[in-house]
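Asker: Mind having a look at this structure? Questions to follow.
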Amino acid sequence: MEWRTDESGQRFRVVEESVLLKWWRERMLSSPVHQARLRRAAIARGETPPPIPKRAPERAQGAIQPASGASQVSDDADPAEATSDAFLRVLAELPVFHGQREHAALMRAMQDEPPACDGLEVFTADRFDDPEQTVMMRGICRACPLLDLCAAFAAAGKPTAGMWAGMTPTQIRQDERQVGGARLSR
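Pasting the structure below:
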């Protein structure tokens, strides 16, 4: 892991691809959602579904804790393990993911019923400069069966990009500051 700076002076972290992929594979194998998808796909193909893996105990506040002794890596240690431990230390420095429960509820609901914005990449934009497009997107949100769950995640998670329940990140922050701020209703 290393820090770099772009032309505007913004700092960002760069992580070795193999380390990131290893971490991602481990995350996916431990994800109950991913395991359920694998089981469903196997059943749909007529195959025997893979066994349900035992779940590790949940970590407090969703924080990733480095393995014990991770800060003291010996010279004879496996380089992949040392890199993995270093990556876990970097992840432990990241801010806590707020709105985990609300996000999980939204993801569970999306398994049964897709949101109205499903497949529309415009909802994942960092900025919303076109007022006509924003009005059109809000109309799609109003008709969404998952509007209330999306609004709950927006309020708890305070996402920094995308449109959530008809609100941009700026509007979500403004709504938080206003007591009794009006939310998008059906």
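In this text, residue positions in the sequence shown follow the numbering used here: the first is 3, and each later residue adds one. For each residue, glycine too, the CB sits at the ideal point set by N, CA and C.
For residue 17, which of helix, strand or coil comes out of DSSP?
Answerer: In the structure shown, residue 17 sits in coil (DSSP, three-state: anything other than H, G, I, E or B).
Asker: Say whether the stretch 100–110 touches the stretch 122–140, bearing in mind that this needs 3 or more beta-carbon pairs closer than 8 Å, one atom from each stretch.
Answerer: No: fewer than three Cβ pairs fall under 8 Å.
Asker: Tell me whether residue 61 is buried or exposed, calling it buried when 16 or more other Cβ atoms sit within 10 Å of its Cβ.
Answerer: Reliability of the predicted coordinates at residue 61 is poor, the pLDDT of 45 falling under 50, and no value is obtained from them.
Asker: Tell me which residue opens and which closes the beta strand (DSSP E) that residue 49 is part of.
Answerer: Element bounds for residue 49: n/a, residue is neither H nor E.
Asker: Put residue 109 into one of helix, strand or coil per three-state DSSP.
Answerer: Helix.
Asker: In its own chain, which residues sit with a C-beta less than 8 Å from the C-beta of residue 151, not counting the 5 before and 5 after it?
Answerer: Within the same chain, residue 151 has close Cβ partners 104, 107, 108, 111.
Asker: Which residue or residues does DSSP assign as beta-bridge partners of residue 139?
Answerer: The partner list for residue 139 (beta bridge, DSSP) is empty, contrary to what the question assumes.
Asker: Cutting at 7 Å between CB atoms, please list the residues of its own chain near residue 43, excluding the five before and the five after it.
Answerer: The answer is none, since no qualifying residue turns up.
Asker: Let's see if you can read the secondary structure: which residues bound the alpha helix (DSSP H) around residue 159?
Answerer: 149–159 is the span of the alpha helix (DSSP H), which, as asked, contains residue 159.
Asker: On the CB-based measure, 16 or more other CB atoms within 10 Å of its CB, does residue 168 come out buried or exposed?
Answerer: That one is buried.
Asker: Work out the CA separation of residue 33 and residue 153 for me, nearest whole Å.
Answerer: In a straight line, the C-alpha of residue 153 is about 24 Å away from that of residue 33.
Asker: Among 148, 7, 101, which has the Cα closest to the Cα of residue 157?
Answerer: Looking at the Cα atoms, 101 is the closest of the given residues.
Asker: Would residue 39 and residue 51 qualify as a contact pair, given that the criterion is a beta-carbon distance under 8 Å?
Answerer: No, Cβ-Cβ distance for residue 39 and residue 51 is not below 8 Å.
Asker: Can you tell me the Cα-Cα spacing of residue 18 and residue 36, whole angstroms?
Answerer: Going by the C-alpha atoms only, they are around 24 Å apart.
Asker: Nearest CA to the CA of residue 144: which residue from 119, 27, 173, 11?
Answerer: Ranking 119, 27, 173, 11 by Cα distance to residue 144 puts 119 first.
Asker: By DSSP, does residue 165 sit in helix, in strand, or in coil?
Answerer: Three-state DSSP puts residue 165 in coil, outside helix and strand.
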